[in-house]
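> Sharing a structure below in structure tokens format, with a few things to ask.
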Amino acid sequence: MTILIDFQSDHNDSGDEIVEKSQGNVTELVLDGAFVAPHTNSFGHTFRDYDAESERRTSVEHFYRTNHIGQTVDFVRRTREEYGKLNRTEMSIWECCELLNEFIDESDPDLDEPQIEHLLQTAEAIRKDYPDEDWLHLTGLIHDLGKVLLHTSFGELPQWAVVGDTYPVGCAFDESIVHHKYFKENPDYNNPSYNSKYGMYTEGCGLDNVLMSWGHDDYMYLVAKENQTTLPSAGLFIIRYHSFYALHKSEAYKHLMNDEDKENMEWLKVFNKYDLYSKSKVRINVEEVKPYYLSLINKYFPVKLKW
Numbered sequence: 014m015t016i017l018i019d020f021q022s023d024h025n026d027s028g029d030e031i032v033e034k035s036q037g038n039v040t041e042l043v044l045d046g047a048f049v050a051p052h053t054n055s056f057g058h059t060f061r062d063y064d065a066e067s068e069r070r071t072s073v074e075h076f077y078r079t080n081h082i083g084q085t086v087d088f089v090r091r092t093r094e095e096y097g098k099l100n101r102t103e104m105s106i107w108e109c110c111e112l113l114n115e116f117i118d119e120s121d122p123d124l125d126e127p128q129i130e131h132l133l134q135t136a137e138a139i140r141k142d143y144p145d146e147d148w149l150h151l152t153g154l155i156h157d158l159g160k161v162l163l164h165t166s167f168g169e170l171p172q173w174a175v176v177g178d179t180y181p182v183g184c185a186f187d188e189s190i191v192h193h194k195y196f197k198e199n200p201d202y203n204n205p206s207y208n209s210k211y212g213m214y215t216e217g218c219g220l221d222n223v224l225m226s227w228g229h230d231d232y233m234y235l236v237a238k239e240n241q242t243t244l245p246s247a248g249l250f251i252i253r254y255h256s257f258y259a260l261h262k263s264e265a266y267k268h269l270m271n272d273e274d275k276e277n278m279e280w281l282k283v284f285n286k287y288d289l290y291s292k293s294k295v296r297i298n299v300e301e302v303k304p305y306y307l308s309l310i311n312k313y314f315p316v317k318l319k320w
């Protein structure tokens, strides 16, 4: 998107980087994306405000208490090994999208729409601003598909083990994590092997070697990777870490990143504003956009995937 104006600036109101080009007496500004984030969520509050008085506040806080107590190293290792077998079913990407119509994310203070709406809102917003990055459009569509773990055919995992912000286990829980106070009830909190800055990791070890709290992000990452997707590294990075707000919002845990993580982080920052701020009441015509996304699915994934 370009805007012709007669003054100079470094960023627009949405925080987009602006590149200046001279064009006579005006300046041509080339934005990194035309998407304009709304000021409020579906409930009329600012995004990710976990203290706002709303009908979701109590349930969201209860969710995080349960999540923070239950996400231990032992739980994550055991559950990741079990679901990493990918022996639940075989289905296409689009069939999985349709399954998500049945669920609403209990951890999300911003959204009360079925998940398929959010997937398409995210994908279409990215597509509009980055028309040449089709892998990013598809990543927007599939980034939350791991939420099928909530479905009865997948064992109907509780929401605290599927959704919500993610974070490393096996090292200290950073204070930037939402509702951090409840980690004091986590068995790993007082374990000297796990409660230091590095815990069981080393500096620059790479996030791929870090055990993340179990949920839909890590599960969809395993599904995509083990089914030999041809998405670029940045796409897999986005899928696995899009809920890792302690990293991409508060810059915690950067000491565990390697050079590839740092490169992919730039794409995650691009993606994040579409994932978070595209949550709105704008409806997407599913049948109208479906052929385009089916073509991308066929380009980057096999017809049927193991889940």
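Sequential numbering from 14 applies to the sequence shown in the numbering used here. Backbone N, C-alpha and C define an ideal beta-carbon position, used for all residues, glycine too.
Just mark residue 80 as buried or exposed, buried being the case when its beta carbon has 16 or more other beta carbons within 10 Å.
buried
> What do you reckon, are the CB atoms on residue 187 and residue 259 nearer than 7 Å?
yes
> Is the separation between the beta-carbon of residue 161 and that of residue 167 shorter than 7 Å?
Yes, the Cβ-Cβ distance between residue 161 and residue 167 is below 7 Å.
> Quick check on DSSP: helix, strand or coil for residue 188?
coil
> Count the CB pairs spanning the stretch 242 to 254 and the stretch 268 to 288 that are closer than 8 Å, and state whether there are at least three.
yes
> Mapping DSSP to helix, strand and coil, what is residue 224?
coil
> Keeping to the same chain, check which residues put their C-beta closer than 7 Å to that of residue 266; ignore five residues upstream and five downstream.
181, 187, 259 and 260
> Alpha carbons only, please: which of 280, 315 and 200 is nearest the one belonging to residue 153?
When only C-alpha atoms are compared, the closest one is 280.
> Since residue 319 sits in a beta bridge, which residues does DSSP pair it with?
103
> Nearest CA to the CA of residue 88: which residue from 134, 200 and 185?
200
> Could you tell me the distance, in whole angstroms, from the CA atom of residue 29 to the CA atom of residue 204?
Confidence in residue 29 is poor, its pLDDT being 41 and thus under 50, which makes the residue's placement unreliable; the coordinate value appears in the next sentence. Each residue's Cα considered, the two are about 42 Å apart.
> Within 10 angstroms of its Cβ, does residue 256 collect 16 or more other Cβ (buried), or is it exposed?
buried
> How is the alpha helix (DSSP H) around residue 239 delimited, first residue to last?
229 to 239
> So residue 192 and residue 74 are supposed to be a Cβ contact under 8 Å. How far apart are they, rounded?
6 Å
> Given that a residue counts as buried once 16 or more other Cβ atoms are within 10 Å of its Cβ, and exposed if not, what is residue 211?
Residue 211 should be labelled exposed.
> Would residue 313 pass as a contact of residue 244 if the rule is Cβ separation under 7 Å?
Against a cut-off of 7 Å, the Cβ pair of residue 244 and residue 313 comes out as a contact.
> Can you tell me which residues form a DSSP beta bridge with residue 171?
BP columns for residue 171 are empty, so no partner.
> According to DSSP, which residues form a beta bridge with residue 181?
DSSP lists 225 as partners of residue 181.
> Within 10 Å of its beta-carbon, does residue 236 have 16 or more other beta-carbons around it, so buried, or fewer, so exposed?
buried
> Using CA atoms only, rank isn't needed, just tell me which of 288, 183 and 136 is closest to residue 86.
183
> Among the candidates 164, 72 and 133, whose CA atom is the shortest distance from the CA of residue 149?
133
> Going straight from the alpha carbon of residue 214 to that of residue 202, what length do you get?
16 Å
> Classify residue 270 as helix, strand or coil using the three-state DSSP reduction.
For residue 270, the secondary structure class from DSSP, reduced to helix, strand or coil, is coil.
> Please go through the same chain and pick out, in chain order, the residues whose beta-carbon is closer than 6 Å to the beta-carbon of residue 92, but skip the five residues on each side of it.
Result list for residue 92: 227, in chain order.
> Would you check if the distance between the CB atom of residue 195 and the CB atom of residue 78 is smaller than 7 Å?
yes
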